[in-house]
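With the working numbering as the guide, the letters of the sequence shown map in order to residues 7 to 386.
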Amino acid sequence: MKHSLLFVLILASSFVIARESTYQVQSQPVLSLAAKAYILTDFQSGQTLVGQNVHERVEPASLAKMMTAHVIFSALKQKRITLTQTVPVSENAWHAHGSRMFIEPSKSVTVGELVRGLIVQSGNDASIALAEAIAGSEENFAQMMNKEAENLGMKNTHFANSTGLPHPDNYSTAHDLALLAADVIRSFPKYYPLYSLREYTYNKISQTNRNRLLWIDPNVDGLKTGYTQAAGYCLVTSARRNERRLISIVLGATSDSARTMESQRLLNYGFQFYDTVRLYRKKQEVTSIQLWKGERDILKTGFNRDLYFSLPKGKTDKLKATMEYKQPLIAPISTGQKVGVVKFTLDGVPIAEHPLVALETVDYSNFFSRTWDSLRLLFN
Numbered sequence: 007m008k009h010s011l012l013f014v015l016i017l018a019s020s021f022v023i024a025r026e027s028t029y030q031v032q033s034q035p036v037l038s039l040a041a042k043a044y045i046l047t048d049f050q051s052g053q054t055l056v057g058q059n060v061h062e063r064v065e066p067a068s069l070a071k072m073m074t075a076h077v078i079f080s081a082l083k084q085k086r087i088t089l090t091q092t093v094p095v096s097e098n099a100w101h102a103h104g105s106r107m108f109i110e111p112s113k114s115v116t117v118g119e120l121v122r123g124l125i126v127q128s129g130n131d132a133s134i135a136l137a138e139a140i141a142g143s144e145e146n147f148a149q150m151m152n153k154e155a156e157n158l159g160m161k162n163t164h165f166a167n168s169t170g171l172p173h174p175d176n177y178s179t180a181h182d183l184a185l186l187a188a189d190v191i192r193s194f195p196k197y198y199p200l201y202s203l204r205e206y207t208y209n210k211i212s213q214t215n216r217n218r219l220l221w222i223d224p225n226v227d228g229l230k231t232g233y234t235q236a237a238g239y240c241l242v243t244s245a246r247r248n249e250r251r252l253i254s255i256v257l258g259a260t261s262d263s264a265r266t267m268e269s270q271r272l273l274n275y276g277f278q279f280y281d282t283v284r285l286y287r288k289k290q291e292v293t294s295i296q297l298w299k300g301e302r303d304i305l306k307t308g309f310n311r312d313l314y315f316s317l318p319k320g321k322t323d324k325l326k327a328t329m330e331y332k333q334p335l336i337a338p339i340s341t342g343q344k345v346g347v348v349k350f351t352l353d354g355v356p357i358a359e360h361p362l363v364a365l366e367t368v369d370y371s372n373f374f375s376r377t378w379d380s381l382r383l384l385f386n
């Protein structure tokens, strides 16, 4: 499918390179959910399609276990632990309150078993045991969780424990939880399928995944439920239809059935009223820019990532781009170096900015060529 895109080129004698940013695309239909806060994001584009109270701090409840899993997956990926490694069960883990997988101090348990107990059964005992195995204590592990949150840009999030059990310093937002869910999917494709498991049995006790959408919608393959009296019923969901993946966050619903129904409505809304298109592939040439004092006088430029946009259906031809880059652009230039910015608008409304980068390295030209270009610049 071909998509037409109008480019306007602006030459700037100087400019400040804008940071990569995305904006919420204004939708046509109105959506209202029975929840304290919610957000729907597109995985490929990273854009917010619709949301309410997305930056309002709330108690994350067991949604905090997504970050617990994130830290564990990182340790597995870095080979600091293995799935077959045996983990001791402390009295602290054994006596954990709330949902449990029923581990015992007298019975050996592996990291792999604990991870399944964490994800499928939402075991607080599994969370604590894993935290102690990785960091020595749950307090130290919480510091690791907060470091990861900072790395992911979760600016309104703080974790005080690995379980999400109520604590004054446990808080997050719909927006931040969407960032976390997307990174779990993106960074850990080997372990993400665990979130689609419907049931897990440990210690002869079988428990089902509380994410009811795994039974209702065949496109749903994760992620996590949460509940406390203060947080209400919460659900983070991801669904994939064909090549599109959406992530929904519903916080503070009034019941298990309500969070399931509202999450389904949110996902259906995104798939029905929005399209996601890839305008450019990573390292695909977008334009060539005049270069001075280099071995070549033309520089190929593009984007350092696949460029996706989520747009209301039928609006693709309304997308316009303005490209700004510095002139004169003088060698040397390195591959990946920012040389400009491309600003995208839809019906005149800004929706995104992306850095324009060099797709090749161009070194200095010889002395005589540089001198000639200096003279040309002087008179131009």
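We put the CB at the ideal spot given by N, CA and C, even for glycine.
Remember, predicted model here, so these are calculated numbers, not experimental data.
{"Check": "DSSP puts residue 104 in a beta bridge; with which residues?", "Outcome": "Per DSSP, none; premise fails for residue 104."}
{"Check": "Could you check what DSSP says for residue 43 in three-state terms: helix, strand or coil?", "Outcome": "strand"}
{"Check": "Between 351, 365, 258, 103, which lies nearest to residue 292 when the distance is taken from Cα to Cα?", "Outcome": "365"}
{"Check": "Who pairs with residue 298 in a beta bridge, going by DSSP?", "Outcome": "336"}
{"Check": "Assuming the contact rule is C-beta atoms closer than 8 angstroms, residue 64 and residue 239 should be a hit. Round their C-beta distance to whole Å, please.", "Outcome": "Contact doesn't hold; Cβ gap of about 12 angstroms is too wide."}
{"Check": "Quick check on this structure: which residue in 357, 334, 345, 305 has the alpha carbon closest to the alpha carbon of residue 324?", "Outcome": "357"}
{"Check": "Compare the beta carbon distance of residue 46 and residue 202 with 8 angstroms and say whether it is the shorter of the two.", "Outcome": "no"}
{"Check": "From which residue to which residue does the beta strand (DSSP E) around residue 258 run?", "Outcome": "250 to 259"}
{"Check": "Measure how close the beta-carbons of residue 299 and residue 371 come, nearest whole angstrom, since I'm counting them as under 8 angstroms.", "Outcome": "6 angstroms"}
{"Check": "Which of the three DSSP states is assigned to residue 5 in this structure?", "Outcome": "Nothing about residue 5 can be read from this structure; the chain reaches only from 7 to 386."}
{"Check": "Given this structure, state the Cα-to-Cα distance separating residue 122 from residue 198, to the nearest angstrom.", "Outcome": "11 angstroms"}
{"Check": "Please go through the segment 44 to 101 and give each complete beta strand (DSSP E) segment of 3 or more residues, from N-terminal end onward.", "Outcome": "54 to 58"}
{"Check": "Quick check: what's the CA-CA separation for residue 180 versus residue 166?", "Outcome": "18 angstroms"}
{"Check": "Could you check what DSSP says for residue 305 in three-state terms: helix, strand or coil?", "Outcome": "strand"}
{"Check": "Starting from the Cα of residue 302, find the closest Cα among 215, 294, 134 and give me that residue.", "Outcome": "294"}
{"Check": "Quick test of your reading: residue 168 and residue 148, contact by CB under 8 angstroms. State the CB separation rounded to the nearest angstrom.", "Outcome": "7 angstroms"}
{"Check": "Does the beta-carbon of residue 88 have 16 or more other beta-carbons within 10 angstroms, so that it is buried, or is it exposed?", "Outcome": "exposed"}
{"Check": "How many Å lie between residue 78 and residue 265 at the Cα?", "Outcome": "27 angstroms"}
{"Check": "Considering only residues of the same chain and omitting the five flanking positions on each side of residue 106, which have a CB-CB separation below 7 angstroms?", "Outcome": "129, 130, 131"}
{"Check": "Considering only the beta carbon of each residue, do residue 67 and residue 243 sit closer than 8 angstroms?", "Outcome": "no"}
{"Check": "Do you know how far the Cα of residue 160 is from the Cα of residue 361?", "Outcome": "22 angstroms"}
{"Check": "Can you tell me which of the three DSSP states residue 170 falls into?", "Outcome": "coil"}
{"Check": "Going by other Cβ atoms of all chains shown within 10 Å of its Cβ, with 16 needed for buried, is residue 381 buried or exposed?", "Outcome": "exposed"}
{"Check": "Below 8 angstroms on the Cβ atoms is my contact criterion, and I expect residue 315 with residue 51 to pass it. Report the Cβ-Cβ distance as a whole number of Å.", "Outcome": "6 angstroms"}
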